[in-house]
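The structure appears below as structure tokens.
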Amino acid sequence: MSQTDSSFINNFLKQESAGGILLVMASILAMVMANSPLFSLYNLLIDTPVVVQVGALKLAKPLLMWVNDGLMAVFFLLVGLELKREFLEGELAELNKIILPGLGAIGGMLVPALIYLALNADDAVALQGWAIPTATDIAFALGVLSLLGPRVPIALKVFLTSLAIFDDIGAILIIAFFYTSKISLLALVVAAACVSVLAIMNRRGVDEKSPYLLVGLVMWVALVKSGVHATLAGVVLAMFIPMQPRDASKHSPAKSLEHDLHTAVAFVILPVFAFCNSGISFSGVGLEQVLHGVPMGIAMGLFVGKQIGVFGFCWLGVKLKLTSLPSEISWLSLYGTAALCGIGFTMSLFVGSLAFEESGVNRLFDERLGIIIGSLLSGLVGYIILNKSLGKTTDY
């Protein structure tokens with residue numbers, strides 16, 4: 294690995310860690326406002342109607358929906374660009390490097406979902422939230438790792454980052470197939486036409502970013518109107534932005550856009566999202582609310598399910614000789630990392646907003662309570678285990 298590549302990875306990890314700190318601060322601010330006399334101001338802010346109209350085309354949504362549908366589409370554009378780079382020339386370009394984190398990601402999605410389903414089997418409405426505990430928040434997880442300093446081997450960071458990438462793929466597929474509302478055929482036709490235009494531009498070697506972003510904006514509007522969640526526009530757009538420019542002396546369009554977006558996403562978009570979605574009021578919350586099937590299923594899915602799923606599937610893969618454990622990673626540090634994967638904050642909040650946005654069930658329970666409990670426990674336990682294990686060898 295070149296010094297330039299190493300510097301890029303180090304800067305990326307530092308930025309993700311700093312972004313995680315901002316996420317925590319934004320979330321705490323939202324909860325403070327939601328549990329103070331500022332509660333009405335907080336609700337007024339996120340419910341503020343925002344209207345954009347061009348001729349007969351009108352988009353009217355509260356601010357919260359603009360954040361969840363609009364700003365998060367930019368986040369998913371960044372995710373898509375990262376996925377493309379990793380699979381084409383990064384850590385996931387070699388098959389032998391993707392089996393272990395791939396197995397961990399499968400287990401880390403399957404087991405938490407099964408735990409949630411088991412705890413909510415008798416509630417048809419609550420079952421809609423089965424995907425909430427399947428997510429991993431890479432910004433927070435890397436933030437916790439950064440607290441352990443240079444003791445963390447690069448192989449462990451690569452494993453966690455790779456697992457989170459597969460986790461993002463799973464989240465994208467879940468959103469695409471399970472969280473769509475009524476479908477508009479005309480809007481889908483427009484979106485499909487945009488995909489065709491993107492494919493033609495890519496095939497003809499167009500390497501200016503502006504035309505892709507313009508077509509992507511039209512595709513996003515079409516998906517907003519289609520019933521398919523609009524954030525998917527970001528992922529689709531990323532797939533067509535060229536990795537290599539026609540002129541070898543120029544920068545990669547995909548890499549340069551990824552670089553441009555990192556700061557905005559880490560320091561603006563995700564903190565704003567966290568602020569708008571974390572304002573949970575604890576007024577009247579007692580043991581009955583905490584033990585409700587939804588928050589309990591989410592908390593147990595994140596805290597218990599991720600540990601069992603990620604570690605268990607990785608252990609099984611190694612024992613069946615499908616893959617091997619890197620020499621720098623002990624079994625105990627792998628288990629600590631599996632615990633960190635239970636920090637599902639950002640993506641769990643996002644999936645939760647999709648799962649229950651039309652049901653009105655928040656009057657009965659609040660899925661954010663389970664996300665906060667599960668994520669806090671996972672971060673704490675993961676840190677304790679890793680703090681004990683790193684720098685030591687552990688046989689299993």
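Sequence positions in the sequence shown follow this note's numbering and run 294 to 689. Glycine included, C-beta positions come from ideal geometry on N, C-alpha and C.
When the options are compared against residue i, the one with the closest alpha-carbon
i	options	result
isoleucine 664	Ser682, Phe369, Ser571 and Leu673	Ser571
lysine 681	Leu627, Leu669, Ser668 and Phe649	Leu627
glycine 590	Asn336, Arg378, Val367 and Tyr409	Tyr409
valine 499	Pro535, Ile467, Phe332 and Thr427	Pro535
leucine 291	Ala469, Val483 and Tyr505	There is simply no residue 291 to check, as the chain begins at 294 and stops at 689 in what is shown.
lysine 377	Gly594, Ala411 and Ile462	Ile462
valine 529	Arg539, Ser503, Ala484 and Asp553	Ala484
isoleucine 622	Leu679, Leu609, Phe643 and Ala349	Leu679
asparagine 413	Gly594, Val611, Tyr676 and Ser646	Gly594
lysine 599	Val344, Leu403 and Val372	Leu403
leucine 662	Leu580, Ile677 and Phe332	Leu580
glycine 610	Glu375, Gly400, Ala349 and Val325	Gly400
leucine 356	Val343, Met324 and Leu350	Val343
leucine 371	Val597, Pro546, Val644 and Ser620	Pro546
serine 641	Ser333, Gln346 and Phe596	Phe596
glutamate 551	Ala567, Ala541, Gly527 and Arg539	Gly527
serine 503	Thr524, Leu466, Ala464 and Ser549	Ser549
valine 381	Thr630, Leu453, Met532 and Pro619	According to the sequence as given, residue 381 is leucine; it is not valine. Here the closest residue by C-alpha is Met532.
aspartate 415	Val587, Val488 and Ser489	Val587
glycine 690	Leu525, Gly520 and Trp624	Within the shown structure, residues of the chain are numbered from 294 to 689, placing residue 690 beyond reach of any answer.
Backbone secondary structure at residue i - three-state DSSP
i	result
leucine 352	strand
arginine 656	With a pLDDT of only 43 at arginine 656, under 50, the local geometry of the prediction cannot be trusted, and the value read off the model is given with reservation. Reduced to three states, the DSSP call for arginine 656 is helix.
glycine 629	helix
glycine 442	helix
aspartate 553	helix
alanine 523	coil
proline 535	coil
leucine 669	helix
tryptophan 359	helix
valine 499	coil
alanine 457	helix
tyrosine 472	coil
leucine 683	coil
threonine 616	coil
alanine 575	Here residue 575 is phenylalanine; the residue named in the question, alanine, does not match the sequence. Residue state, collapsed to three classes: coil.
alanine 541	coil
isoleucine 425	helix
isoleucine 622	coil
alanine 419	helix
serine 329	coil
phenylalanine 560	helix
phenylalanine 649	coil
glycine 477	Correcting the residue identity first, residue 477 is serine in this sequence and not glycine. Residue state, collapsed to three classes: coil.
phenylalanine 301	Per-residue confidence for phenylalanine 301 stands at a pLDDT of 48, beneath the threshold of 50, marking its modelled position as unreliable; no derived number is given.
Delimiting residues of the alpha helix (DSSP H) encompassing residue i
i	result
valine 437	431-439
phenylalanine 566	563-570
cysteine 607	605-612
proline 405	388-412
glycine 590	586-593
glutamate 375	365-382
leucine 334	332-339
serine 635	According to the sequence displayed, residue 635 carries glycine and not serine. Run containing glycine 635: none; DSSP gives neither H nor E here.
Bounding residues of the beta strand (DSSP E) (the contiguous stretch that carries residue i)
i	result
proline 342	342-347
CB contact below 8 Å: residue i versus chain B
i	result
aspartate 340	Judged by its chain identifiers, the structure shown contains no chain B, having just a single protein chain.
For the 8 Å Cβ check, are there 3 or more pairs between the region 506-517 and the region 468-485?
yes
Pairs of beta-carbons, one from the region 443-461 and one from the region 414-431, closer than 8 Å: are there three or more?
yes
Assess, as a yes-or-no matter, whether the region 327-339 is touched by the region 490-497 under the definition of 3 or more beta carbon pairs within less than 8 Å.
no
With a threshold of 8 Å, are at least 3 pairs of Cβ atoms found where one atom belongs to the region 602-611 and the other to the region 556-573?
no
Take every Cβ of the region 551-571, pair it with every Cβ of the region 358-370, and state whether three or more of those distances are shorter than 8 Å.
Yes, the region 551-571 is in contact with the region 358-370.
Any 3 or more C-beta pairs closer than 8 Å across the region 390-403 and the region 607-616:
yes
Could you say if the region 625-641 and the region 664-680 meet the contact criterion of at least three C-beta pairs nearer than 8 Å?
Judged by Cβ distances under 8 Å, the region 625-641 makes contact with the region 664-680, as three or more pairs qualify.
With contact counted as at least three CB pairs below 8 Å, one residue from each stretch, are the region 439-452 and the region 418-429 in contact?
no
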